[in-house]
Amino acid sequence: MTSSLDTREERTPTLRTSCGGIEFRNPVLTASGTFGYGQEFDTLLSLPRLGGLVTKGISPKPRFGNPPPRICETAAGMLNSIGLENVGVEAFALEKLPFLRSCGTRVLVNFFGTTFDEYVDCGARLAALDGVDGLEMNVSCPNIKAGGIEFGRDPSVLGDLVRACRAVIRKPFWVKLTPNTSDIVALARACADNGADAVSIINTITAMAIDARTRRPKIGTVFGGLSGPAIKPVALRMVYQVHRARIPIPICGIGGIQDGTDAIEFLLAGASCVQVGTQSFVDPASAERIVREIECYCHAQGVNDVRELIGGLAIGH
Amino acid sequence: MRYFDARVIENRSLGGGYFVLRLGGCEPLAGSRPGQFVMLRGDWGRDPLLPRPLSLLSVAHEGRADLLAKVVGRGTALMERSPPGARVSVLGPLGNSFPVPSANMTDLLVAGGVGLPPLFMQAESAARLGMADGSEMLYGGRTSRDLVLLGEMRSLGIAMHLVTEDGSLGRRGRVTDELEARIERWRAADSDRRLRIMSCGPREMLWAVGRIAQNCDIECYLSLEEQMACGIGVCLGCAVAARTRQYRYVCKEGPVFPAAEVMSHAPAASTSGMEAGAP
């Protein structure tokens, strides 16, 4: 029997969680490339209500990006080939970081390079900056010295890269994995074995779109990265595979999250936190809404601590 | 710039796939300027996913805003079927605007098809400032069905020059033919007003307008359209090749650009021979 007294004593669920050496107010972060440098969203939602944000990917030097057209819409998703355009480490530190230091939420800086040395140099410089809570390494970049194969596709290359960067990064260090692999578990294990603190799963899926009328690819570089709700089932599967393999570092789940239920599904699959990506284009205030929806779910389901949900997928009878 | 919910008050079909969405609850758009746009999305689930950039046609008192659109794909088809009362999310006003009308200028407003809205709003602004005689609308389309809101424009009191490719309304030909004719007449008249061109429409038309302006050494502003996901300079999808920098962004630095800034490159980059970029 439920008395009115019980109702009054009902606790507000705690949404606090931690992932890869960082404590978060709640499990909702915003994904790299879809949230700029944070300031762009300052008037559209309350940044302190988010668990954290991940900046646009930063390279040692500024990059101008790919020729247009750079994006197109696909069924329940979008394709992009921005080309990792960014302001570079120096301008990031001077122009973007002052805002981020006082934005009231956790700040992870996404970074990349086009050579091994660039990765190490970029990671070391960013980790040394005050106001950076952690780094997320994008390994979906062509390795110029290895014929353009992405760093993140080969577990042994990835392992070497993680070890080299780990040696110079004395802050929480996450690796964002590419889904363009036949063995996501091997990639996650290479990260864990070489000192990464967490893995973000997944980056965009390589895809293409064709305009039948003009008979041309819809984006300038022919191939691009698919994101949005279309990729959520793939992302969930990969998060669950890595979780099930008992890789000893936590997972940040990413891929097509549009609402609180989507986020809960990632937690159940084994993610300790999530990132909202393309949905910030669809609804710029969505990350804050998703926090509220997770809280409502916890209330409705009698979950006192959101961490109870992590890996809580019920399999079998 | 604000992100808010609005409602469709009226959805008026103009034929030929054109329609005017009248929205209520758009108080945050008060003070919007000609050329500015909004990102608009209806309550239509996960697909199509992205909001659509639409130029403002008119912004009135009591939170009313009009948008002119043409059915070109799934998003605009859904908008065209939005009944009165339908909820839409709006992000705006976004982007920059055309220069304000000036007493010592004659502005030639060159519109092509669905590129009309920012120029209609510019004409409206000129009329409101009592400078309707300083603007002329050059409005072109494939057929008469592509020329809409003619009565509304007439009531603004600005001179109108209509052009259709099939000759079904106004002069037969292209709007750029009319532009060249107007420039000739202006030269012959030896006016003490300076001539200025503002244009919005299909990309090929814009480049043609820009080239005419360059050849005649006339100040010219082009409002560009490009695929975009966010409207606020985050997705970086709306890059266009530029003269002074490698790329400019239609949403944040445009949509209105001095023609010289965006004219020095081919309209679209070649897609052949490119390697897959890192997304």
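Line by line, the protein sequences are chains A and B.
Counting in the working numbering, the first sequence runs from 12 upward without gaps.
Counting in the working numbering, the second sequence runs from -7 upward without gaps.
Heads up, the beta-carbon is just placed ideally off N, CA and C, and yes, glycines get one too.
Values in this document were obtained by computation on a predicted structure and should not be read as measured data.
Integer Cβ distance of residue i from residue j, believed to fall under 8 Å
| i | j | result |
| --- | --- | --- |
| C18 of chain B | R56 of chain B | 7 Å |
| I265 of chain A | I212 of chain A | 7 Å |
| K156 of chain A | T126 of chain A | 6 Å |
| R188 of chain B | E172 of chain B | Not really, about 16 Å apart at Cβ, beyond 8 Å. |
| A237 of chain B | A252 of chain B | Residue 237 of chain B is actually Arg in this sequence, not Ala. The pair is not a contact, with the Cβ atoms about 13 Å apart (cut-off 8 Å). |
| G87 of chain B | G27 of chain B | 7 Å |
| L5 of chain A | L64 of chain A | The structure shown does not extend to residue 5 of chain A, since chain A spans only 12 to 328, so no value can be given for it. |
| M129 of chain B | A103 of chain B | 7 Å |
| T225 of chain A | N191 of chain A | About 27 Å; that fails the 8 Å criterion. |
| V12 of chain B | L59 of chain B | 7 Å |
| L198 of chain B | L216 of chain B | 7 Å |
| A231 of chain B | P73 of chain A | About 14 Å separates the two Cβ atoms, so there is no contact after all. |
| V30 of chain B | L46 of chain B | 6 Å |
| G193 of chain B | G107 of chain B | 3 Å |
| R303 of chain A | T28 of chain A | With a Cβ gap of about 16 Å, R303 of chain A and T28 of chain A do not count as contacting. |
| P85 of chain B | M(-7) of chain B | 7 Å |
| P295 of chain A | L55 of chain A | 4 Å |
Beta strand (DSSP E) segment containing residue i, residue limits
| i | result |
| --- | --- |
| G45 of chain B | The sequence shown places Pro at residue 45 of chain B, rather than the Gly named in the question. First-last of the beta strand (DSSP E) with P45 of chain B: R44 to A52. |
| P250 of chain B | V248 to P250 |
| P109 of chain B | Here P109 of chain B belongs to no beta strand (DSSP E); instead the alpha helix (DSSP H) covers L108 to R120. |
| Q98 of chain B | Inspection of the sequence shows that residue 98 of chain B is occupied by Thr rather than by Gln. Element bounds for T98 of chain B: M97 to G104. |
| M31 of chain B | F29 to G34 |
| M5 of chain A | Residue 5 of chain A cannot be examined here, being either before or after the span of chain A that is shown, 12 to 328. |
| N27 of chain A | First, the residue type needs correcting, since residue 27 of chain A is Arg and not Asn in the sequence shown. Premise fails: R27 of chain A is in no beta strand (DSSP E) and is neither H nor E. |
| L19 of chain B | First, the amino acid is wrong: residue 19 of chain B is Glu here, not Leu. From DSSP, E19 of chain B is part of no beta strand (DSSP E); its letter is neither H nor E. |
| R79 of chain B | R79 to L86 |
| C212 of chain B | E211 to S215 |
| R278 of chain B | This structure cannot settle anything about residue 278 of chain B, because the visible part of chain B is limited to -7 through 271. |
| M255 of chain B | Unbroken run through M255 of chain B: none, as it is neither H nor E. |
| K156 of chain A | From DSSP, K156 of chain A is part of no beta strand (DSSP E); its letter is neither H nor E. |
| A61 of chain B | R56 to K62 |
| G327 of chain A | G327 of chain A -> no beta strand (DSSP E), and no H or E assigned at all. |
| E147 of chain A | G145 to N149 |
| A221 of chain B | Segment: none, A221 of chain B is in no beta strand (DSSP E) and carries neither H nor E. |
| A233 of chain B | A231 to A233 |
Boundaries of the alpha helix (DSSP H) in which residue i is found, first to last residue
| i | result |
| --- | --- |
| Y251 of chain A | K243 to R255 |
| D132 of chain A | F127 to A138 |
| L119 of chain A | From DSSP, L119 of chain A is part of no alpha helix (DSSP H) but of the beta strand (DSSP E) over R117 to F122. |
| T68 of chain B | R66 to E72 |
| F(-4) of chain B | Note, F(-4) of chain B: premise wrong, no alpha helix (DSSP H); beta strand (DSSP E) at R(-6) to G7. |
| P109 of chain A | L108 to R112 |
| E101 of chain A | G99 to A102 |
Contacts that residue i makes with chain C (C-beta to C-beta distance below 9 Å)
| i | result |
| --- | --- |
| Y239 of chain B | Annotation note: the requested chain C is absent from the structure, which comprises protein chains A and B. |
Tell me which residues of the segment 209 to 223 of chain B have at least one Cβ-Cβ distance to chain A shorter than 8 Å, keeping chain order.
E218, Q219, M220, A221 and C222
Would the segment 141 to 148 of chain A and the segment 94 to 103 of chain A be scored as touching if the rule is three or more Cβ pairs under 8 Å?
no
Should the segment 121 to 138 of chain B be regarded as contacting the segment 150 to 161 of chain B, the criterion being three or more beta carbon pairs within less than 8 Å?
Contact between the segment 121 to 138 of chain B and the segment 150 to 161 of chain B is present: three or more C-beta pairs spanning the two stretches fall below 8 Å.
Kindly provide the ranges of any alpha helix (DSSP H) runs that are 4 or more residues long and lie completely inside the segment 127 to 201 of chain B, ordered along the chain.
142 to 148 and 167 to 181
Residues from the segment 63 to 86 of chain A in contact with chain B, defined by Cβ distance under 7 Å
F75, G76, N77, P78, P79, P80, R81, I82, C83, E84 and A86
Residues of the segment 30 to 43 of chain B in Cβ contact with chain A at a cutoff of 8 Å, in chain order, please.
R33, R38, D39, P40, L41, L42 and P43
Which runs of the beta strand (DSSP E) spanning at least 3 residues fall entirely within the segment 251 to 314 of chain A, listed in chain order?
262 to 265 and 284 to 287
Could you tell me which uninterrupted beta strand (DSSP E) segments, each at least 3 residues in length, are contained entirely in the segment 158 to 244 of chain A, listed from first to last along the chain?
184 to 187, 209 to 212, 216 to 219 and 234 to 238
What residues in the segment 123 to 139 of chain B bring their beta carbon closer than 9 Å to a beta carbon of chain A?
none
Using a Cβ-Cβ cutoff of 8 Å, what residues of the segment 279 to 302 of chain A are near chain B? List them in chain order.
T289, S291, F292, V293, D294, P295 and A296
When you compare the segment 218 to 238 of chain A with the segment 248 to 259 of chain A, are there three or more beta-carbon pairs, one atom per stretch, that lie closer than 8 Å?
No, the segment 218 to 238 of chain A does not touch the segment 248 to 259 of chain A.
Tell me the start and end of each unbroken beta strand (DSSP E) in the segment 30 to 81 of chain A that is at least 3 residues and wholly inside, in chain order.
33 to 35, 39 to 41 and 63 to 65
Selection of the segment 69 to 101 of chain B by Cβ proximity to chain A, strictly under 8 Å:
S81 and L83
Count Cβ pairs between the segment 77 to 91 of chain A and the segment 32 to 44 of chain B that sit closer than 8 Å; are there 3 or more?
Under the 8 Å Cβ criterion, the segment 77 to 91 of chain A counts as touching the segment 32 to 44 of chain B, having at least three qualifying pairs.
Pairing CB atoms from the segment 173 to 187 of chain B with CB atoms from the segment 90 to 98 of chain B, are three or more of them under 8 Å?
yes
Evaluate the contact criterion for the segment 42 to 50 of chain A versus the segment 283 to 291 of chain A: three or more CB pairs, one atom per stretch, below 8 Å.
yes
Interfacial residues, the segment 233 to 266 of chain A to chain B, with Cβ spacing under 7 Å:
V233, F234, G235, G236, G239 and P240
Any C-beta of chain A within less than 9 Å: which residues of the segment 155 to 168 of chain B qualify?
none
The segment 121 to 135 of chain A contacting the segment 269 to 279 of chain A, beta-carbon criterion three pairs below 8 Å:
no
Between the segment 103 to 123 of chain A and the segment 27 to 40 of chain A, can you find at least three pairs of beta-carbon atoms closer than 8 Å?
yes
Check distances from the C-beta atoms of the segment 120 to 148 of chain A to those of chain B and list, in chain order, the residues that come in under 7 Å.
none
Which of the residues in the segment 161 to 193 of chain A, read from start to end, lie with their CB under 8 Å from any CB of chain B?
For the segment 161 to 193 of chain A, which is checked against every Cβ of chain B, the residues closer than 8 Å are E161.
For the segment 224 to 238 of chain B, which residues have a CB atom closer than 7 Å to at least one CB atom of chain A, in sequence order?
I224, G225, V226, C227, L228, G229, A231, V232 and Q238
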